[in-house]
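Worksheet: one structure, shown below.
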Amino acid sequence: MVRHKPSPSFNITSLTVSIPTKKRAQSTTPSRWSTLEFRIYLLIIVLTVPWMAWVVIRISLPTHPAYHLFSDRLSHSWLFGWPVDNWDAQYRSFRNNVPILAAVAGVHALLTYFVPTQLRLRLNLVFALVFNVALHGTSTLKILAILSLNYALRARHPSFTWVFNVAMLFANDRFSGYSYASISPSLGWLDDWEGVYPRWYISFNITMLRLVSFNMDYYAATTTPKSDSHPPHAYSFPVYLTYALFAPLYIAGPIIPFNDFLVQIEPQSTRPLTQKQEERPTTLIKPYFIRFIFTLLTMEVLIHTMYVVAIKDARPWEHAAYLPSELALLSFFSLIHVWLKLLIPWRFFRLWSLLAGIDPPENMVRCMVNNYSALAFWRAWHRSFNLWIVRYIYIPLGGSHRQLLNSLLIFTFVALWHDLTFRLLAWGWLVSIFLIPEMVAGWVFSAEKFGDRPWYRHLCVLGAVLNAFMMMAANLVGFVIGTDGVRYFVGQLVGTKEGLQFLVCAVAGMFVGVQVMFEYREEEKRRGIYRRC
Numbered sequence: 217m218v219r220h221k222p223s224p225s226f227n228i229t230s231l232t233v234s235i236p237t238k239k240r241a242q243s244t245t246p247s248r249w250s251t252l253e254f255r256i257y258l259l260i261i262v263l264t265v266p267w268m269a270w271v272v273i274r275i276s277l278p279t280h281p282a283y284h285l286f287s288d289r290l291s292h293s294w295l296f297g298w299p300v301d302n303w304d305a306q307y308r309s310f311r312n313n314v315p316i317l318a319a320v321a322g323v324h325a326l327l328t329y330f331v332p333t334q335l336r337l338r339l340n341l342v343f344a345l346v347f348n349v350a351l352h353g354t355s356t357l358k359i360l361a362i363l364s365l366n367y368a369l370r371a372r373h374p375s376f377t378w379v380f381n382v383a384m385l386f387a388n389d390r391f392s393g394y395s396y397a398s399i400s401p402s403l404g405w406l407d408d409w410e411g412v413y414p415r416w417y418i419s420f421n422i423t424m425l426r427l428v429s430f431n432m433d434y435y436a437a438t439t440t441p442k443s444d445s446h447p448p449h450a451y452s453f454p455v456y457l458t459y460a461l462f463a464p465l466y467i468a469g470p471i472i473p474f475n476d477f478l479v480q481i482e483p484q485s486t487r488p489l490t491q492k493q494e495e496r497p498t499t500l501i502k503p504y505f506i507r508f509i510f511t512l513l514t515m516e517v518l519i520h521t522m523y524v525v526a527i528k529d530a531r532p533w534e535h536a537a538y539l540p541s542e543l544a545l546l547s548f549f550s551l552i553h554v555w556l557k558l559l560i561p562w563r564f565f566r567l568w569s570l571l572a573g574i575d576p577p578e579n580m581v582r583c584m585v586n587n588y589s590a591l592a593f594w595r596a597w598h599r600s601f602n603l604w605i606v607r608y609i610y611i612p613l614g615g616s617h618r619q620l621l622n623s624l625l626i627f628t629f630v631a632l633w634h635d636l637t638f639r640l641l642a643w644g645w646l647v648s649i650f651l652i653p654e655m656v657a658g659w660v661f662s663a664e665k666f667g668d669r670p671w672y673r674h675l676c677v678l679g680a681v682l683n684a685f686m687m688m689a690a691n692l693v694g695f696v697i698g699t700d701g702v703r704y705f706v707g708q709l710v711g712t713k714e715g716l717q718f719l720v721c722a723v724a725g726m727f728v729g730v731q732v733m734f735e736y737r738e739e740e741k742r743r744g745i746y747r748r749c
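Okay, so the sequence shown: first residue is 217 according to the numbering used here, each after it adds one.
Have a look at this one:
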């Protein structure tokens, strides 16, 4: 694996963040960007995208008849006095705390810069403990107790680790983090100091992944040691605590495997002799900071002009105030909002980690609308989680030998890991079902058999359009409007004249968009960039 180094000159492929890629022969297909076909496609996109945005802006204006249904969910803001849709609780908790998080990240980065390399492990451990106490107050003792129990299982078979950590997820949710008073009335006074983020068990899902990673990496190193394995003394309790509670990645990730973290946090004392010192990620910081600011401002424009969260939480399917096209585009931009509300915190925390000298995986590789394959989509969406799943679940379960069964088990775990609700369980099963058409089509119409036929690209695009609609439906169920909303939405699309007219236009528009996605990936290959997403 090699990290692609961007060309000094800016080009269209520079829009996608750089990640490690595999070396392959360059694409032999000539560029289609200057052909009449693609000039027409690009013209359609230039004309259509502003109209799509305007439809959602229009239903967000005070002049819209349904404005009163969601106006109480809007807040005052800093931008021209416009109301802002800060209704999404998950993003609101991050947005409202950006200044304090930036200050904490700045202090941590300065300390990392000035503290000698040999003391950085100790610095990160102390900083992580102080940060955790500030977040969770006395609940830090509960977290340390769970971490200690997990550490005690490190030498046992991985099944013990899995049973323990899955049980902790259910128990944490069932008992809402275990108040001290429920353990013993004499300990009730400990509940008074909750910290700034008392619900520690919500973010513990991320910590659980690190606990599994540490134990499985330790077990592999001690039972099947390889030439590039870390020595057993490297898996000490202080290093384990530093990894599990590492401040930049503690709240939301990205997730970095323990062995990868260890190579970067203690490069001299724990690096196997066969590995070379890697360059610190300082060269990534400036361009990555620019990407973060751009995405942050994009979200600000979105929530100040399109009130998608406020409108969809008002359950628009219960009112006759919206046209099918308006509901469809509201759902589309709701998915854009979901993408941005995850992308921005992940990029912030990865930027903080880069400043601290640790380079975790990039979580979001593609823009949400630059995906057409269900399999590739999950490699690019929450990428560090996907890499974790492949390493600790997919490969141990047998990998591609039982791909469909493994996918069903994995997406069930992913859904329950996110939240113990039926809606996300339905999402996981839908995603698994929607993988089947793509897998069958890839087997029947393989590139090896038909790749040189002139119609093959267009057939693949039609299949990708179907894929894209299924992925949007699954994510609308899981993360936006639920099963009731999707049921009403589909009924409006296929059960009304206006809905059918819009559906035909949407399929045509998606066809154009996927053609551009295909060519974008071909352009990446021409430049030596190969991503499996």
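Virtual Cβ for every residue (Gly too), placed ideally from N, Cα, C.
Computed from a prediction, not measured in an experiment: that's the story for all the values here.
By the three-class DSSP mapping on this structure, what secondary structure does residue i have?
i, result
"residue 392", "coil"
"residue 645", "helix"
"residue 584", "coil"
"residue 236", "strand"
"residue 300", "strand"
"residue 291", "strand"
"residue 597", "strand"
"residue 467", "coil"
"residue 440", "coil"
"residue 487", "The predicted model places residue 487 with a pLDDT of 45, which falls under 50 and marks its position as unreliable, so this point remains unresolved."
"residue 749", "coil"
"residue 453", "helix"
"residue 635", "coil"
"residue 248", "coil"
"residue 738", "helix"
"residue 627", "helix"
"residue 654", "helix"
"residue 574", "coil"
"residue 719", "helix"
"residue 423", "helix"
"residue 409", "coil"
"residue 286", "coil"
"residue 320", "helix"
With a threshold of 7 Å on Cβ separation, who are the neighbours of residue i within its own chain once the five nearest residues in sequence on each side are excluded?
i, result
"residue 755", "Lying outside 217 to 749, the shown extent of the chain, residue 755 is not represented and no answer is given."
"residue 588", "680, 683, 684, 730 and 733"
"residue 456", "367 and 430"
"residue 459", "426, 430, 474 and 477"
"residue 581", "232, 233, 235, 596, 599, 747 and 749"
"residue 255", "none"
"residue 712", "540"
"residue 362", "384"
"residue 592", "748 and 749"
"residue 388", "417 and 420"
"residue 505", "567"
Between residue i and residue j, how many whole angstroms is the CB-CB distance? I'm expecting something under 8 Å.
i, j, result
"residue 570", "residue 500", "6 Å"
"residue 271", "residue 716", "The pair is not a contact, with the Cβ atoms about 17 Å apart (cut-off 8 Å)."
"residue 298", "residue 529", "Wrong, their Cβ atoms sit about 19 Å apart, outside the cutoff."
"residue 328", "residue 336", "6 Å"
"residue 563", "residue 507", "7 Å"
"residue 719", "residue 710", "7 Å"
"residue 650", "residue 688", "Not a contact, Cβ separation roughly 10 Å."
If I measure Cβ to Cβ from residue i and keep anything under 6 Å in the same chain, skipping five residues before and after, which residues do I get?
i, result
"residue 425", "471 and 604"
"residue 635", "none"
"residue 268", "545"
"residue 484", "Low per-residue confidence applies at residue 484: pLDDT is 47, beneath 50, and the placement is therefore not dependable, though the value from the model is reported in the following sentence. Taken in chain order, the list of residues that qualify is empty."
"residue 221", "Confidence at residue 221 is low in this model, with a pLDDT of 48, below 50, so the placement of that residue is unreliable and no value is reported for it."
Applying the criterion that 16 or more other CB atoms from any shown protein chain within 10 Å of the CB defines a buried residue, is residue i buried or exposed?
i, result
"residue 668", "exposed"
"residue 594", "buried"
"residue 442", "exposed"
"residue 553", "buried"
"residue 176", "Residue 176 is absent from the model: the chain starts at 217 and stops at 749."
"residue 296", "exposed"
"residue 495", "Residue confidence is low: residue 495 scores 45 on pLDDT, short of 50, so the model does not pin down where it sits. Its coordinate-derived value is still stated next. Residue 495 comes out exposed."
"residue 737", "buried"
"residue 568", "buried"
"residue 313", "exposed"
"residue 578", "buried"
Please list, in chain order, all residues of the same chain as residue i whose beta carbon is under 8 Å from its beta carbon, the five residues on each side excluded.
i, result
"residue 391", "398"
"residue 320", "347 and 463"
"residue 419", "413, 466, 467 and 468"
"residue 306", "557"
"residue 393", "355, 358, 414, 415, 416 and 417"
Please specify which runs of the beta strand (DSSP E), each continuous and at least 3 residues long, are wholly inside the stretch 511-540, giving them in chain order. If we require 3 residues or more, the stretch 511-540 turns out to have no beta strand (DSSP E) run fully inside it.
What are the complete alpha helix (DSSP H) segments, minimum 4 residues, inside the stretch 664-728? Runs found: 672-695 and 698-711.
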